[in-house]
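Engineer: Have a look at this one before I ask anything.
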Amino acid sequence: MDYDERRDEAVKRIKQKRDFRNSVIAYLVVNAFLVGVWAVSGGGYFWPGWVMAGWGVGLALHGWQTYRVEKPITDEDIQREMGDSR
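Now the structure itself:
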């Protein structure tokens with residue numbers, strides 16, 4: 012991989028991390044608003060929990076995709092998977 016390819020990959024990772032950070036901020040702001048609406052409307056059944064849970068699953072998957080700790084696939088991995096013992 013040459014310099015330009017490595018640079019493009021680094022830029023892509025930075026953009027993914029920024030997108031994830033923005034998603035977390037949106038999650039916190041919107042859900043804080045919903046909890047505020049819930050509290051002002053008299054409390055009772057905690058319906059914002061459904062939104063938090065559903066969106067939270069998506070956010071967790073986004074975080075996993077962004078920060079997963081996986082090594083890049085190498086030619087050795089491919090050869091091993093193919094059953095070739097070169």
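Counting from 12, one number per residue, gives the positions in the sequence shown under my numbering. Note that beta-carbon positions come from the ideal geometry of N, C-alpha and C, so glycine has one too.
Under 7 Å between the Cβ atoms of M63 and N42?
Structural biologist: yes
Engineer: Within the present structure, is the beta-carbon of K26 separated from the nearest heavy atom of the ligand NAD by less than 6 Å?
Structural biologist: Inclusion of the ligand NAD in the displayed structure is not the case, the ligand content being empty and no account of it being possible.
Engineer: State the DSSP-derived secondary structure class of V48, mapped to helix, strand or coil.
Structural biologist: Secondary structure of V48 (DSSP, three-state): helix.
Engineer: Check whether the segment 50-61 and the segment 75-94 touch, using three or more Cβ-Cβ pairs below 8 Å as the test.
Structural biologist: no
Engineer: May I have the straight-line CA-CA distance separating D19 from K28, to the nearest angstrom?
Structural biologist: 14 Å
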